[in-house]
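Using full-length UniProt numbering, read the sequence shown as starting at 1 and increasing by one per residue.
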Amino acid sequence: MPSAGIWIRLKAFTLDYLWVFLYLCLVVLITMVAAPDIQGYFNGSVWVAQLTGFLLVTLPVSLYFAIGDSVLFKGTYGKRKMGIQVVNVHGQPIGILRSAIRVILKFLPWELSHFLVYRLVSLSEGEFPLYLMLIGSLVYLLIFIYILTAIFSKENRSLYDRLSGTAVVCK
């Protein structure tokens, strides 16, 4: 199977993020109208705020991609629409575990940036610890490497695809 190029992958990701955007709008609506008490979890402990954000946003979005790209659906909505699929190195659909590993690696910069933001908003004026600078640098470094490896590698495999033993191919 031929590998899926960067542009078709980007189109599929954009289609998927339309669904993610709709989900996020629903979360905002629920937390503002139906269950405003949830907002209180973001005002206390940084750890509680981050856990709440993880449970409301990161976990559901990650499950969408992990389950969608697995053998159960053979592609998220965007990938199916664009005619591409995530497979293992033998060209077979991936199981839930491999898909979950791929998603964890893929969204690591996203979750690290959440970690960073939750801590940045709690800092005092003029305070900026070295560890937060390092995490911020790591976020950008990972994104940069992910994009470059997806664009310039022989089979358009990103670093997270290589580490998880997957590839995105045209069906």
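Just so it is clear, CB atoms sit at the ideal spot from N, CA and C, and this is done for glycine as well.
Open item on the list: Within the continuous beta strand (DSSP E) that includes residue 52, where are the two ends?
Closed with: Note, residue 52: premise wrong, no beta strand (DSSP E); alpha helix (DSSP H) at 46-53.
- [ ] Following the continuous alpha helix (DSSP H) through residue 14, name the residue where it begins and the one where it ends.
- [x] 6-29
- [ ] Tell me whether residue 169 sits in a helix, a strand or coil according to DSSP, three-state version.
- [x] strand
- [ ] Give, in chain order, every unbroken run of the alpha helix (DSSP H) that is at least 4 residues long and sits entirely within the segment 68-143.
- [x] 77-82, 96-106 and 108-120
Task: Bridge partners - residue 3, DSSP secondary structure assignment - done: 169
Open item on the list: For residue 84, count the other beta carbons within 10 Å of its own beta carbon; 16 or more makes it buried, fewer makes it exposed. Which is it?
Closed with: buried
Open item on the list: Quick check on this structure: which residue in 93, 76, 56 and 90 has the alpha carbon closest to the alpha carbon of residue 114?
Closed with: 56
TODO: Report yes or no: is there a C-beta of chain D within less than 7 Å of the C-beta of residue 150?
DONE: This model lacks chain D altogether; it includes just one protein chain.
TODO: Find out if the Cβ-Cβ distance for the pair residue 163, residue 105 is shorter than 7 Å.
DONE: yes
TODO: Starting from residue 158, follow the alpha helix (DSSP H) in both directions and report where the run begins and ends.
DONE: Neither: residue 158 is in no alpha helix (DSSP H) and is coded neither H nor E.
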